[in-house]
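Note that the numbering used here has the sequence shown beginning at 159, numbered continuously upward. Every residue, glycine too, gets a C-beta built ideally from N, C-alpha and C. For clarity, every value in this text was computed on a predicted model and none was experimentally measured.
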Amino acid sequence: MLTVENVTKEYPTPAEPLVVLRGVSLALSPGESLAIVGPSGSGKSTLLAILGALDRPTSGSVRLGNTDPFALDDRGLAEFRRDRVGFVFQDHHLLPQLSVLENVLVPLLADGKPSSDELDRARMLLDRVGLAERTTHRPAELSGGERQRVAIARALVRSPALVLADEPTGNLDSTTADAIGKLLVELPQEHQSILVVVTHSQSLAATMQQQMRIDDGKLLS
Ligand code: ADP
Ligand code: MG
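Written out as structure tokens, the structure reads:
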């Protein structure tokens, strides 16, 4: 369960603080998916960063299961982000010098050498995203849609409880975007992950169970 209560976010400026989030609350159960839409600059990425514990709220609380990530020490926080959250960004953020398979294994390397089960899972995910024949390619040798498929496999390799995607199809043509959107909805659900997707695409938003809009710092149904 992801529980967000009355989260606010302000950024300090030389004049008065810039208030981006003015009291955001939401609750999502395992297997549920939510699309967040809203104009550019409305705080969508800010909210996603707070959900994934990449950034702290000014006030309010976030809990994933029984964990309040902002109550953890730095090491606990780093483990929380790595173990419990999978991120997919608009720009794939793959490491150019690594192969497709190695990129998917990156989140596992903090624990040392991946186990054979983990390797199997990485290969299974690459198979599911349609890249079984591309495991030794480098990111530069892939299309934009293929790179985003790798990013999805990487986000899911630790079976995170929470999957966050920030405009994951923003750089893709509509046919490719539809295929990526389908994978994004299907794969997290198989592990009962919670999925939150920020998107400008009405068709991607419509594939999520719930749709909400950020407007003036508030999240509206
Ligand atoms: P969106 O993802 O909806 O386009 P963002 O969450 O990226 O919007 O940004 C919301 C607002 O907060 C914008 O006005 C942006 O300029 C501001 N902002 C984002 N990050 C910072 C930061 N680190 N410091 C100051 N202002 C920021
Ligand atoms: Mg953004």
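Of the residues the options, the one placed nearest residue i, counting alpha carbons only
{"i": "I372", "options": "T161, S183, L176, V343", "result": "S183"}
{"i": "L176", "options": "G303, S200, G302", "result": "S200"}
{"i": "L341", "options": "S219, M159, L378, G288", "result": "G288"}
{"i": "V315", "options": "E174, K167, V262, P215", "result": "V262"}
{"i": "D213", "options": "R305, Q306, R286, V165", "result": "V165"}
{"i": "I352", "options": "L277, D374, R242, Q248", "result": "R242"}
{"i": "R159", "options": "R286, D226, E174", "result": "Per the sequence presented here, residue 159 reads as Met, with Arg not at that position. Among R286, D226, E174, the Cα nearest to that of M159 belongs to D226."}
{"i": "E299", "options": "Q255, F247, A319, D275", "result": "Q255"}
{"i": "F247", "options": "E168, L235, S203, L362", "result": "S203"}
{"i": "Q367", "options": "E174, S191, L277", "result": "S191"}
{"i": "I310", "options": "A280, G270, S217", "result": "A280"}
Local conformation of residue i per DSSP, three classes
{"i": "N261", "result": "helix"}
{"i": "A193", "result": "strand"}
{"i": "E174", "result": "coil"}
{"i": "T333", "result": "helix"}
{"i": "A309", "result": "helix"}
{"i": "A185", "result": "strand"}
{"i": "D373", "result": "strand"}
{"i": "A298", "result": "helix"}
{"i": "L378", "result": "strand"}
{"i": "T166", "result": "strand"}
Residues near residue i in its chain [Cβ-Cβ closer than 7 Å; skip 5 each side]
{"i": "A268", "result": "R240"}
{"i": "A290", "result": "L284"}
{"i": "P265", "result": "R240, R312, V315, R316"}
{"i": "Q306", "result": "H250, P326, L330, I338"}
{"i": "F238", "result": "A211, T225, P227, L230"}
Cβ neighbours of residue i in the same chain (closer than 6 Å, five flanking residues each side left out)
{"i": "R292", "result": "V258"}
{"i": "S317", "result": "H349"}
{"i": "L206", "result": "L322, D324, V356"}
{"i": "A185", "result": "T161"}
{"i": "V220", "result": "V162"}
{"i": "P297", "result": "L252, P254, R305"}
Whole-angstrom distance between residue j and residue i, CA atom to CA atom
{"i": "G244", "j": "G189", "result": "14 Å"}
{"i": "P346", "j": "V321", "result": "7 Å"}
{"i": "G210", "j": "S187", "result": "16 Å"}
{"i": "L223", "j": "H295", "result": "A quick correction: the sequence has Gly, not Leu, at residue 223. Answer to the nearest angstrom: the Cα atoms are 37 Å apart."}
{"i": "G181", "j": "L377", "result": "8 Å"}
{"i": "I338", "j": "S301", "result": "13 Å"}
{"i": "T171", "j": "P272", "result": "45 Å"}
{"i": "E168", "j": "L277", "result": "42 Å"}
Those runs of the alpha helix (DSSP H) which lie wholly inside the segment 272 to 296 and span at least 4 residues: Runs of the alpha helix (DSSP H) inside the segment 272 to 296: 274 to 286.
Residue ranges of each beta strand (DSSP E) within the segment 235 to 259, 3 or longer: Those beta strand (DSSP E) runs which fall completely within the segment 235 to 259 and span 3+ residues are 243 to 246.
Entirely enclosed alpha helix (DSSP H) segments - the segment 315 to 359, minimum 4 residues: 332 to 348
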